[in-house]
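Novice: Quick one: this structure, given as structure tokens, is what I'll be asking you about.
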Amino acid sequence: MNDQSPTRDERIEKLKGLGASRRRVEDVRFTQGKGNYVDDIKMPGMLFGDFVRSPYAHARVVSVNKAAALALPGVVAVLTAEDLAPLGLHWMPTLAGDKQMVLADGKVLFQGQEVAFVVAKDRYTAADAVELIEVEYEDLPVVTDPFKALEPDAPVLREDLAGKTEGAHGHRRHHNHIFTWEMGDEAGTETALSEAEVVAEETVYYHRTHPCPLETCGCVASMDKVNGKLTVWGTFQAPHAVRTVASLISGIAEHNIRIISPDIGGGFGNKVGVYPGYICSIVASIVTGVPVKWVEDRMENLMSTAFARDYWMKGRISATKDGRITALDCHVTADHGAFDACADPTKFPAGFFNICTGSYDIPVAHLTVDGVYTNKAPGGVAYRCSFRVTEAAYFIERMIEVLAIKLGMDAADLRAKNFIRKDQFPYHSALGWEYDSGDYHTAWAKALEAVGYKSLRAEQAARVEAFKRGETRKLIGIGLCHFTEIVGAGPVKNCDILGLGMFDSCEIRIHPTGSAIARLGTISQGQGHATTFAQILASEIGLPADDITIEEGDTDTAPYGLGTYGSRSTPVAGAATAMAGRKIRAKAQMIAAYLLEVHDDDVEWDVDRFTVKGAPERFKTMKEIAFAAYHNAIPGLEPGLEAVSYYDPPNMTYPFGAYICVMEIDVDTGVWEIRQFYALDDCGTRINPMIIEGQVHGGVTEGLAIAMGQELAYDEIGNVKTGTLMDFFIPTAWETPHYITDFTETPSPHHPIGAKGVGESPNVGSVPAFSNAVQDAFRAFGHVHAHMPHDHWRIWTIAEGLGLHA
Amino acid sequence: MSKMHLKMTVNGAEVETLAEPRELLIHVLRERLNLTGPHIGCDTSHCGACTVDMNGKSVKACTVVAAQANGASITTIEGLGTPDALHVLQRMFREHHGLQCGFCTPGMITRAWRLLQENPNPTEEEVRFGMSGNLCRCTGYQNIVKSILAAAAEMNAVKEAAE
Ligand code: FES
Ligand code: FES
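Line by line, the protein sequences are chains Y and L.
Heads up, the first sequence is in the working numbering, so the first residue is 1 and it goes up one at a time.
Heads up, the second sequence is in the working numbering, so the first residue is 807 and it goes up one at a time.
This is the structure we're talking about:
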């Protein structure tokens, strides 16, 4: 059955392995409306849960009267904190070492907080019952500003923490203070700053926003009282972690809990956390003995589950007169809302914000972050970024622009002058990271060349002159950004969530006829894992990707893993996949040698087969080997062909990129138009170029939204002002420009296939590019910095402040 | 609440069901008729995930109450192609990577299907404008636009060949 006819290239092509723009296997069902998302799940007797939520941002709950709701036909139960307290479930741990109320325990701390959970026979009855519950509140003073929250006489928000001066991340110096996190060399930085020729200072605010995936959060909990098993289908980006948390807080043994993430309609960080809706549904199912579904509506999603950002970053950066950076200092005031519900690795309460030295060789730096409680929703998740990396990238890319202004230098030259050079990798940053690989100068030069940077600057200068002469009312902004991401959390030695090491895993079974199934601890939310992980494997084991099934998201069948967020799937689970594939190949080598009657060392791997060294016409294909593994009795070898790998990455990976945005701005209306957007990404080895490009388009569009208008805004008494998609900006196809994507390829030296991860780079890199474009348009008129989001009104305000409307 | 007797033509078949008059069409389709292709992304008529075709027009099914849909003729994503014979749009969305998480996709394709009947030969601008009632959080639209233009080209080529 040896098949010698196809050439080596044809054999490679047939695999659809690494580098192929393989069409996605997921799409066949998605395009027919046959996806299976949480709200599609329907079970016999299933009940619906719905929340009574607080209209106040800070108030005491005096009483909850359920009587009228319980009298409504079809209402089965109404849960309050009092009902959950005997089970110890009225509070739950957050992933950040804090705890959070499941249902209001005596008081509410943010608008939209969960007060009572209604369970009824259908969603309409549940919604009617919510209206019938009478809650008496006594309002308390509200703080939505983190600086005011730290004033000595600020109201005490977290009464449960009264008198506690030690939190999960060290000392608390004020009743609304959560932690202080410090990195770097304070004395050295101060010295460098005081001796510097030039120092630029700026406070950069990255406003509060929300990941807002198109599908909201939800679950179906089903307690089978006959066999004692709890099954929960839900929008979980980390199903195994959810299982462990559910077991720890419910007391149900972990083997009796099955967590399933079905198809997920986008996550972007929104679906990493554990929410009161999940706990209430589980309790309700245990109480009623039937499945209970809870799905939040859009307003609930924006108001209560997982906001992102809200970082006030006060920076000082110093340089020599000719633009060599000498030091960076940053102090962050981080608004975490009512509960610290970030999903950062335990030792990193401000995530990887200490990547804020960016792409630059900065000799000394210092960073402090203060976490603060306010009367806003809990969260602080990584919205399509690795933990707090997008805040860090925005900070440094703004500081570079501010420094360029102070130096009177071109911002592109200033960057190039300070990039970490190719020969400096692996590079140890002043704030403690070891960058694995990079070639920033090459990427930067390619980007500037691609957009025609020099002529753009000339055009911009000519436009300014024309504007001054009164010939035009439009200005041109050129937004530059060179970002360095840090992804792939992470090495177990320093990364864990609730004590669970952040490794990931893959289990492979090869079937006798030469097809395979691989199961992973991650979960796709649109990234196309079923397509790309099969490609990694195809290249490793020589079976066509089309013959490999990828399965994720069911804790009963998948090996333990920490899930998908922080661009960790490719760096960690992708590595586990390659390593498990290599174990398969190692055994296959022995089988091949046996079949070919030569020594193990006398065969070598070639695309999809082992050949006898020096005699390539003698070979066994992987397909033949698979059959032999189940058919032949091979002395010294167990039958079968399976492997498991748990991969603990030796380091993070550091993707990078160069983004440039050219924008036209109408000075009189603040209306902007993107004329050109160029995105160059270097994510190491490229697994599927088509999917990478798609990820970049999507991420840049999220960045466009965030920079140009998307905001979770509150008024002073804690009302959410942007609770629907009417006010919360999501660009349509109409506002979204056409993007140009490009790449360089600098493999990660420590990753088995050299891949670095890409999903989040475009969000990290595009926000500074858009914001810098707006601010750059006004540089010629003395503008230095304005906060995002740059909606039309705010842009108009910049022009007004500069006297350009006179 | 008392229910009304609802008669509709859905994907070419006559269907009858009981529903509360206030019930949203999207819930009738998804929960009473098990057509879970159209999704709910906002229920305030902003996102278009629930888009279906009603009496020859694209509608957001979260903004139509059951009583309004009585007697209507409705097409959902489930009515566009079959597993063995995908609609051109379904094929092109896959070919040009016009989807990622897939949540917006049924609404997108159903809207595009109507758009290409309204305007069989649209420009990129016209596609972008015609699709602006449908939000996507994953793709940045570029490949959606490409998929729709490719589908239009193929549909026109087939039509020409037939003439
Ligand atoms: S669910 Fe109907 S428009 Fe969003
Ligand atoms: S593909 Fe996810 S919302 Fe469009």
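From the three backbone atoms N, C-alpha and C, an ideal C-beta is built for every residue, glycine too.
Residue 684(Y) by DSSP, collapsed to three states: which one?
Specialist: strand
Novice: Check the Cβ of residue 937(L) against every Cβ in chain Y and list those closer than 7 Å, keeping chain order.
Specialist: 733
Novice: If you draw a straight line from the C-alpha of residue 904(L) to the C-alpha of residue 688(Y), how long is it?
Specialist: 15 Å
Novice: State the CB to CB distance for the pair residue 268(Y) and residue 383(Y), rounded to an integer number of angstroms; the pair is presumed to be in contact (CB under 8 Å).
Specialist: 6 Å
Novice: Buried or exposed, going by whether 16 or more other CB atoms sit within 10 Å of the CB of residue 630(Y)?
Specialist: exposed
Novice: Residues with a Cβ closer than 6 Å to any heavy atom of ligand 1, in chain order?
Specialist: This selection yields 846(L), 847(L), 848(L), 849(L), 851(L), 852(L), 853(L), 854(L), 855(L), 856(L), 866(L), 868(L).
Novice: DSSP on residue 831(L), reduced to helix/strand/coil?
Specialist: helix
Novice: For the beta strand (DSSP E) holding residue 596(Y), just list the boundary residues, first then last.
Specialist: Careful: residue 596(Y) lies outside any beta strand (DSSP E), inside the alpha helix (DSSP H) at 575 to 596.
Novice: Under DSSP, the beta strand (DSSP E) around residue 223(Y) begins and ends at which residues?
Specialist: Here the beta strand (DSSP E) through residue 223(Y) covers 218 to 224.
Novice: Please tell me whether residue 26(Y) has its Cβ less than 9 Å away from any Cβ of chain L.
Specialist: Closer than 9 Å to some Cβ of chain L, the Cβ of residue 26(Y) qualifies, so yes.
Novice: Are residue 198(Y) and residue 407(Y) close, meaning C-beta to C-beta below 9 Å?
Specialist: yes
Novice: Note down the Cα distance separating residue 327(Y) from residue 316(Y), rounded to an integer number of angstroms.
Specialist: 8 Å
Novice: Between residue 706(Y) and chain L, is any beta-carbon pair separated by less than 9 Å?
Specialist: It does not; no Cβ of chain L falls within 9 Å.
Novice: Report the option in 376(Y), 673(Y), 773(Y), 496(Y) whose CA atom is closest to the CA atom of residue 348(Y).
Specialist: Comparing alpha carbon positions, the residue from 376(Y), 673(Y), 773(Y), 496(Y) closest to residue 348(Y) is 496(Y).
Novice: If I follow the unbroken alpha helix (DSSP H) through residue 416(Y), where does it start and stop?
Specialist: 411 to 418
Novice: Would you tell me roughly how many angstroms separate the C-alpha atoms of residue 151(Y) and residue 70(Y), rounded to the nearest one?
Specialist: 44 Å
Novice: Where are the beta strand (DSSP E) runs, 3 residues long or more, that stay fully inside the region 481 to 527 of chain Y, in chain order?
Specialist: 504 to 510, 516 to 520
Novice: If you measure between the beta carbons of residue 111(Y) and residue 303(Y), is that distance less than 9 Å?
Specialist: yes
Novice: Should residue 529(Y) and residue 472(Y) be called a contact, given that it needs their Cβ atoms to be closer than 9 Å?
Specialist: no
Novice: Quick check on the burial criterion: 16 or more other C-beta atoms within 10 angstroms. Buried or exposed for residue 401(Y)?
Specialist: buried
Novice: Mind checking whether the beta-carbon of residue 906(L) lies closer than 8 Å to any heavy atom of ligand 2?
Specialist: yes
Novice: Between residue 942(L) and chain Y, is there a C-beta pair that is closer than 9 Å?
Specialist: yes
Novice: Since residue 663(Y) is in the beta strand (DSSP E), which residue starts that stretch and which ends it?
Specialist: 656 to 666
Novice: If we cut at 9 Å on Cβ distances, does residue 527(Y) have a partner in chain L?
Specialist: yes
Novice: Apart from the five residues on each side of it in sequence, which residues of its chain come closer than 6 Å, Cβ to Cβ, to residue 938(L)?
Specialist: Here residue 938(L) has no same chain residue with a Cβ atom under 6 Å from its own Cβ, once five neighbours each way along the sequence are excluded.
Novice: Decide if the region 920 to 928 of chain L is in contact with the region 833 to 840 of chain L; the criterion is three or more beta carbon pairs, one per stretch, under 8 Å apart.
Specialist: no
Novice: Suppose contacts are defined by Cβ-Cβ distances below 9 Å. Is residue 178(Y) in contact with residue 263(Y) by that definition?
Specialist: It is not a contact, given that the beta carbons lie outside the stated cut-off.
Novice: Using a Cβ-Cβ cutoff of 7 Å, what residues of the region 736 to 767 of chain Y are near chain L? List them in chain order.
Specialist: Within the region 736 to 767 of chain Y, the qualifying residues are 736, 738, 739.
Novice: Listed from N- to C-terminal order along the chain, which residues in the region 849 to 874 of chain L have their beta-carbon within a distance smaller than 8 Å of any beta-carbon of chain Y?
Specialist: Cβ contacts with chain Y come from 849, 850, 852, 853, 855.
Novice: Kindly give me the distance between the Cβ atoms of residue 298(Y) and residue 901(L), rounded to whole angstroms, as I take these residues to be in contact under 8 Å.
Specialist: Rounded, the Cβ-Cβ distance is 31 Å, inconsistent with contact.
Novice: What ranges does the alpha helix (DSSP H) occupy inside the region 868 to 909 of chain L, keeping only unbroken runs of at least 4 residues that lie completely in it?
Specialist: 872 to 875, 894 to 901
Novice: At a Cβ threshold of 9 Å, is residue 271(Y) touching chain L?
Specialist: no
Novice: Which bits of chain Y does residue 912(L) rub up against, with CB to CB less than 7 Å?
Specialist: 33
Novice: When you measure from the CB of residue 945(L) to every non-hydrogen atom of ligand 2, does any distance come out below 8 Å?
Specialist: yes
Novice: For chain Y, check one thing: does any of its Cβ atoms lie closer than 9 Å to the Cβ of residue 994(L)?
Specialist: Past the edges of chain L, shown from 807 to 969, lies residue 994(L), and the structure says nothing about it.
Novice: For the beta strand (DSSP E) containing residue 367(Y), list its first residue and its last residue.
Specialist: 365 to 373
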